[in-house]
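Read the structure below first, then the notes.
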Amino acid sequence: MRTITPDRFEMEVLRARDPVIVMFDASWCPFCRAFRPIMERHQDEFPWSITAVLLDDMDDSLWDIYSIDVVPTLAVFESGRPVFKLDGILGVGLGEKDIERLREYIRSGAASKS
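In my numbering, each residue carries its 1-based index in the sequence shown increased by 32.
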């Protein structure tokens with residue numbers, strides 16, 4: 033999983049040719065630090081790249097543009113648009129069950145596997 037800052041979001045995610053799984057992340061978030069190894073452990077199971085976007089600045093516009101209320105949050109972007117989102121739960125974050133929900137979305141064929 034590669035990590036980018038918000039200034040690289042357009043180039044690395046919105047302009048990507050293939051779908052991208054995005055983990056909205058923050059270095060100050062203990063739930064992100066707990067979820068990152070889970071995501072990394074499963075990254076080879078997914079057909080698309082995974083990009084962590086560091087939202088360390090609470091004033092970053094990505095929070096509002098993509099309605100990120102809690103980190104970590106997972107999203108799948110295809111052709112520059114979010115097509116699937118798993119919001120983190122305040123005080124809990126994300127976990128293994130959310131990895132399964134992401135798998136189910138991908139298996140459903142809802143996003144192209146170009």
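Just so it is clear, CB atoms sit at the ideal spot from N, CA and C, and this is done for glycine as well.
Taking only the alpha-carbon atoms, compute the straight-line gap between residue 130 and residue 115 and give it to the nearest angstrom. Position 98 of the sequence shown, counted from the first residue, corresponds to residue 130. Position 83 of the sequence shown, counted from the first residue, corresponds to residue 115. Taking the straight line joining both Cα atoms gives about 16 Å.
Which partner residues of residue 84 appear in the DSSP bridge assignment? Along the sequence shown, one-based indexing puts residue 84 at 52. Paired residues: 35, 55.
Nearest-angstrom beta carbon gap, residue 127 and residue 67 [assumed within contact, 8 Å]: Translated into the one-based positions of the sequence shown, residue 67 becomes position 35. Translated into the one-based positions of the sequence shown, residue 127 becomes position 95. For a cut-off of 8 Å, the C-beta gap from residue 67 to residue 127 is around 7 Å, short enough to register as a contact.
For residue 80 and residue 74, I'd like the C-alpha separation in whole angstroms. As a position in the sequence shown, residue 80 is number 48, starting the count at 1. As a position in the sequence shown, residue 74 is number 42, starting the count at 1. Looking at the backbone, the Cα of residue 80 and that of residue 74 are separated by about 12 Å.
7 Å is my cut-off, CB to CB: does residue 72 come that close to chain C? Of the protein chains in the structure, only one exists, and it is not chain C.
With H, G and I counted as helix, E and B as strand and the rest as coil, what does DSSP make of residue 47? Position 15 of the sequence shown holds residue 47. Judged by DSSP in its simplified three-state form, residue 47 adopts coil rather than helix or strand.
Residues bridged to residue 107 (per DSSP): Locating residue 107 in the sequence shown gives position 75, where the first residue counts as 1. DSSP output for residue 107 lists 54, 117 as bridge partner(s).
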